[in-house]
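Student: Dropping the structure in here first, questions after.
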Amino acid sequence: MIVIPCSMKTLAGIRAGYAEGLVGRAADVVLKEGRKLVLVPREMPLSTIHLENMLALSRMGVAMVPPMPAYYNHPETVDDITNHIVTRVLDQFGLDYHKARRWNGLRTAEQFAQEIE
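Next up, the structure:
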């Protein structure tokens, strides 16, 4: 199960086992059954309480995937950044995303020279 975006209220409810709504209840069942749960927290900056809640959930086996853009793949559009985040979330389930731009290491001097020309 993926919760994206996940508010800190929802995250805290999942940690406490307080299933106020459908998302919280579904997450509770996922944890109870030992299935994969991925939370993509939306707030920042993070307070100590937020971090403690995320740590507790991580220790329960929940994958915390903050939507942090990576710049090593040189994104040019908001869509590039969004695709990177979606790729990282789907990676948690071993799912391939057709728009994924994977890191292939540093460019050689020859590759860099070809790009400049």
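In the UniProt record's numbering, the protein residues as written are 1 to 117.
Even for Gly, the Cβ is constructed at its ideal location relative to N, Cα and C.
None of the values given here were measured: they were computed from a predicted structure.
(1) Could you pull out every residue in the same chain whose Cβ sits closer than 7 Å to the Cβ of Leu90, ignoring the five residues on either side in sequence?
(2) Suppose the cutoff is 7 Å on Cβ atoms and the five residues either side in sequence are ignored; what does the same chain contact list for Tyr18 look like?
(3) In this structure, how does DSSP classify Val62 when only helix, strand and coil are distinguished?
(4) In the DSSP output, what is Pro45 paired with across the bridge?
(5) Report yes or no: do the segment 48 to 61 and the segment 71 to 88 share at least 3 C-beta pairs separated by less than 8 Å?
(6) Return the chain-ordered list of same chain residues with a C-beta closer than 8 Å to the C-beta of Gly13, the five sequence neighbours on each side being excluded.
Tutor: Judging by the given coordinates:
(1) Shown here for Leu90: same chain residues with a beta carbon closer than 7 Å to its own, the five before and five after excluded, namely Tyr97 in chain order.
(2) Same-chain partners within the cutoff: Gly24.
(3) It is coil, neither helix nor strand.
(4) Its beta-bridge partners do not exist; DSSP assigns none.
(5) Counting Cβ pairs under 8 Å, fewer than three are found: no touch.
(6) Contacts found: Ala19, Glu20, Gly24.
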